[in-house]
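Notes follow once the structure below has been shown.
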Amino acid sequence: MDEFIIKAEALSKSYRLGNQPSERYVALRDVIARSATAPWRFLASGRAKPPVIDRNSETFWALKDVSFEVPPGQVVGIIGRNGAGKSTLLKILARITRPSGGRARVRGRIASLLEVGTGFHPELTGRQNIFLNGAILGMSRTEIIRRFDEIVGFAGVETFIDTPVKRYSSGMFVRLAFAVAAHLEPEILLVDEVLAVGDAEFQKKCLAKMHEVSRSGRTILFVSHNLAALRHVCSRGLLIDKGSLIDDGEINTVLDRYLTLGNNVAGAHEGFDSAMFTGHSVRVRSTRGAVIKTFDPVEITVRLTAKTDVADPGLYVGFLAPDGHRLAGLDFKDFLTVEPMAAGATRELGFRIERLPFLAGRYQLELHVKDMAAYRVEQIPDLFPFEIVETPIYGGRKLDTWFGNIGLVAQPLAAENKTPRMAAVAWIK
Amino acid sequence: MTELIIEPIGRPGFYWRELWHYRELFYVLAWRDLLVRYQQTVIGIAWVWLRPLITMLLFTFVFNKVAKLEAPAGIAYPLLVLSATLPWQFFSGALNDASQSLIGNSQLITKVYFPRMIVPAGSVVTCFVDFLVTLTLLAVLMTWYGFLPDWRLAILPLFVALNAACALGAGLWLAAINVEYRDFRYVMPFILQLSLYASPIGFTSDLIPVGWRILYACNPLVGIIDGFRWSLLRGETVIWWPSVGLSVLITVIFCYLGIRRFRRVEDRFADLI
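Chains A and B supply the protein sequences, listed in that same order. So the first sequence is residues 348 to 776, counted in the working numbering. So the second sequence is residues 25 to 297, counted in the working numbering.
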């Protein structure tokens with residue numbers, strides 16, 4: 348006898364696309380016109396049934412054969428790219444839309460937080476909206492009265508509770524809306540991207556509340572793009588891509604798999620063009636795995652062809668934070684001398700950094716190509732992004748970086764250089 | 025722990041149990057609409073009085089003074105008009121609000137689960153509250169004319185219920201139609217106008233020639249308005265019971281068709297809106 352609180356069995360959801368995708372509804376006048384001309388069309392075509400209007404309609408499968416089981420008390424993260432079908436899955440479980448095929452078995456009261464502030468009316472006061480929103484989310488009036496003070500306290504809007512909500516700042520609004528939903532007491536909570544709104548402070552509060560909810564034994568299904576939050580709260584991950592469930596397991600492994608899906612992490616980039624060289628590829632990758640983690644050994648490879656004779660080729664690689672300021676750099680001449688390249692010669696230059704000491708985040712690579720004999724340096728205008736994922740360091744603890752900290756982990760800098768250097772070796776092929 | 029099964033086709037008996045479970049939401053939505061409507065208006069709830077008052081004055085002028093139509097002996101013409109305007113207003117207001125209610129609440133419908141029938145039913149309840157308020161206007165007018173109702177007043181609640189049921193049935197049907205065929209809302213004002221002229225508001229229905237009476241009574245409002253008048257105006261008006269019977273029949277048909285259509289389209293609302 349398996350213990351589950353949610354069991355999805357081959358859930359599918361399809362939509363029919365007409366040849367005019369912008370028209371989601373049929374206009375009555377078209378229906379009338381169609382039926383009025385039906386007799387004429389019959390005479391003309393000699394067929395009993397009028398021809399099918401949207402001949403070009405295709406079926407779009409938002410979800411296809413999704414099956415999984417959730418035991419009670421688990422916090423599951425549902426991950427996928429935009430349009431993969433995550434929200435559709437939640438909508439089906441929340442009973443807002445019906446599946447086209449398959450079925451789901453649910454053994455508990457479900458509350459869904461698909462949007463913050465559902466049903467809030469700007470003309471009503473905060474107090475009135477709490478009762479309104481609470482009732483909409485399924486709380487009884489007595490429940491709301493009982494938890495009223497807690498809700499107001501959590502949101503921190505005591506002084507404004509009797510002013511119309513349209514006067515609230517967006518932060519207050521979001522806090523109040525979440526406060527109501529957070530005090531639901533369902534067995535199952537479905538949360539869809541609600542963390543996308545609100546500031547860092549608010550997100551912290553939300554996650555803490557979700558943590559509390561899960562610790563009290565409730566089951567949570569959580570859809571988010573915030574990878575750090577997912578790692579923080581969830582123990583299990585479901586990866587959905589193009590409507591199908593492609594991975595199901597421990598949250599970190601599933602997230603790593605997600606990151607390799609789109610080319611959004613390991614930087615494998617198209618080349619570049621400059622006066623002296625044509626670059627064919629720029630790659631940044633960890634030699635240890637598919638994703639780059641803090642302190643991973645990282646290889647940077649640049650493959651280029653000289654357009655003219657270059658007597659003393661050189662390469663400088665700079666690591667930039669997203670705002671553009673330079674964190675560190677590596678210059679080839681500090682490591683090896685490159686032999687002269689005749690026009691048309693192709694070389695691959697690379698760095699292998701023993702331990703890349705950057706915290707999790709999105710970085711960019713800046714390239715300068717040089718002919719040092721001719722004192723020519725060209726800065727390639729393109730920047731090549733790559734991402735470092737959150738990693739447990741310092742004895743297994745993950746650093747809290749999703750409030751915007753980025754950059755080097757503290758380590759001794761080479762005192763005589765202005766730009767911090769890292770331990771690295773270089774090679775030429 | 026009872027298990028809920030989510031599948032492509034829902035089970036009928038379950039739906040009505042759920043409606044009961046969500047009954048509080050019913051009041052809450054109606055309460056919200058009323059609050060919003062009157063929260064910021066200067067005149068407030070007195071606004072609800074103005075419409076029937078103005079209609080009554082207008083009709084009295086046009087039909088009584090200009091066209092010289094007379095009320096049956098003993099009844100003041102304005103009373104005659106007002107006793108018909110009230111049910112008509114309830115019906116047309118409820119119909120209008122209910123048909124738009126799903127689209128107006130599209131945010132709710134695409135984000136939260138609850139039995140969708142609550143939404144149009146809630147707007148009927150809101151209009152009903154307005155109706156009760158306008159009844160006070162009628163009461164004021166009656167005391168002013170010194171024309172108070174007799175025992176027949178006890179029958180009035182039945183006619184009110186008939187009115188509400190008719191509005192609900194038609195409202196549900198229209199709400200469902202409106203989601204599927206979005207341009208239907210352009211037809212609505214026309215239908216309502218038609219019902220105004222086709223209903224015996226400025227005159228009594230015994231003016232209709234006998235041969236046409238059955239056809240005329242196919243408008244359910246005819247039976248309802250006649251019933252209102254009969255119970256309010258001390259029986260001075262003549263009531264033709266077959267038209268009431270026809271109203272009941274048509275109301276039942278409306279309710280059946282309305283609920284059926286609504287339930288069939290309901291599952292797709294979130295996808296269509």
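Every residue gets a Cβ at the ideal spot worked out from N, C-alpha and C, and that includes glycine. If you're wondering where the values come from, they're calculated on a predicted model, not measured in any experiment.
Flag P446 (chain A) as yes if its beta-carbon sits less than 8 angstroms from any beta-carbon of chain B, otherwise no. yes
Compare the Cα-Cα distances from R75 (chain B) to each of B:A100, B:I133, B:G282 and B:W112 and report the closest residue. B:W112
Determine whether the Cβ of M212 (chain B) lies closer than 8 angstroms to any Cβ atom of chain A. no
Is the Cβ of R371 (chain A) closer than 8 angstroms to any Cβ of chain B? Only weak support is given to the placement of R371 (chain A): the predicted model assigns it a pLDDT of 49, under 50, and the question is left unresolved by the model.
Suppose you measure from the CA of G226 (chain B) to the CA of L126 (chain B); what does that come to, to the nearest Å? 33 angstroms
If we define contact as Cβ-Cβ less than 8 angstroms, is P368 (chain A) a contact residue for chain B? For P368 (chain A), the predicted model reports a pLDDT of 41, less than 50, meaning its position is unreliable and no value from the coordinates is stated.
Establish whether the CB of V234 (chain B) and some CB of chain A are separated by less than 8 angstroms. no
Buried or exposed by the 16-neighbour rule on C-beta atoms within 10 Å, applied to F278 (chain B): It is buried - the Cβ of F278 (chain B) has at least 16 other Cβ atoms within 10 Å.
Can you confirm whether D401 (chain A), when its beta carbon is compared against all beta carbons of chain B, has any partner nearer than 8 angstroms? Per-residue confidence for D401 (chain A) stands at a pLDDT of 47, beneath the threshold of 50, marking its modelled position as unreliable; no derived number is given.
Taking Cβ positions, are A409 (chain A) and K360 (chain A) nearer each other than 8 angstroms? yes
Tell me the rounded alpha-carbon separation between N129 (chain B) and Y710 (chain A). 44 angstroms
Pick helix, strand or coil for K438 (chain A), following the three-state DSSP scheme. Assignment of K438 (chain A) by DSSP, reduced to helix, strand and coil, places it in the helix class.
From K433 (chain A) to G449 (chain A), what does the alpha carbon distance come to, in whole angstroms? 16 angstroms
Could you work out which residues of chain A lie near P32 (chain B), taking near to mean beta carbons separated by less than 7 angstroms? Neighbours of P32 (chain B) in chain A, taken as residues whose beta carbon is under 7 angstroms from its own, are R445, P446, S447 and G448 in chain order.
Please compile the residues from chain B whose C-beta is within a distance smaller than 8 angstroms of the C-beta of T465 (chain A). Q131, L132, K135 and V136
Put L43 (chain B) into one of helix, strand or coil per three-state DSSP. helix
Interface positions of the stretch 45-66 of chain B facing chain A (Cβ-Cβ less than 7 angstroms), listed along the chain: For the stretch 45-66 of chain B, which is checked against every Cβ of chain A, the residues closer than 7 angstroms are E48, L49, V52, R56, L59, V60, Q63 and Q64.
How big is the Cα-Cα spacing for F495 (chain A) and A555 (chain A)? 20 angstroms
Smallest Cα separation from P462 (chain A): which of A:A668, A:K438 and A:R445? The question names Pro, but residue 462 (chain A) in the sequence shown is Glu. Ranking the options by Cα distance to E462 (chain A), first place goes to A:K438.
Roughly how many whole angstroms lie between the Cα atoms of T26 (chain B) and E532 (chain A)? 17 angstroms
Counting C-beta neighbours from all protein chains within 10 Å, is the total for G170 (chain B) 16 or more, i.e. buried, or is it exposed? exposed
Helix, strand or coil at F83 (chain B) [DSSP, three-state]: helix
Can a CB atom of chain A be found closer than 8 angstroms to the CB of I29 (chain B)? Among the CB atoms of chain A, one or more fall inside 8 angstroms of the CB of I29 (chain B).
Heavy atom of the ligand HEM less than 7 angstroms from the Cβ of K654 (chain A), yes or no? Judged by which ligands are present, the structure shown has none, so any question about the ligand HEM falls away.
Whose Cβ in chain A lies nearer than 8 angstroms to the Cβ of D121 (chain B)? Residues of chain A passing the Cβ test: none, with the nearest at roughly 16 angstroms.
Could you say which of A:F478, A:T648 and A:G500 lies nearest to I491 (chain A) if we only look at CA atoms? The residue with the shortest Cα to Cα distance from I491 (chain A) is A:F478.
Expressed to the nearest angstrom, what Euclidean distance is found between the alpha-carbon atoms of Q726 (chain A) and D594 (chain A)? 42 angstroms
Proximal residues of chain A, C-beta to C-beta of A294 (chain B) below 8 angstroms: K438, I443 and T444
State the DSSP-derived secondary structure class of L537 (chain A), mapped to helix, strand or coil. strand
With DSSP as the reference, label T600 (chain A) as helix, strand or coil. helix
Inspect the beta-carbon positions of L471 (chain A) and V527 (chain A) and report whether they are closer than 8 angstroms. no
Once DSSP output is grouped into helix, strand and coil, what is the label at Q421 (chain A)? Coil at Q421 (chain A), not helix or strand.
Output, in chain order, the set of chain A residues within a Cβ distance shorter than 9 angstroms of D291 (chain B). T444 and R445
P36 (chain B), buried or exposed, once every other Cβ within 10 Å from all chains shown has been counted against 16: exposed
List, in order along the chain, the chain B residues whose C-beta lies closer than 8 angstroms to that of R488 (chain A)? E48
Burial state of W236 (chain B) (16 or more Cβ within 10 Å): By the Cβ neighbour-count rule, W236 (chain B) is exposed, with fewer than 16 other Cβ atoms within 10 Å of its own.
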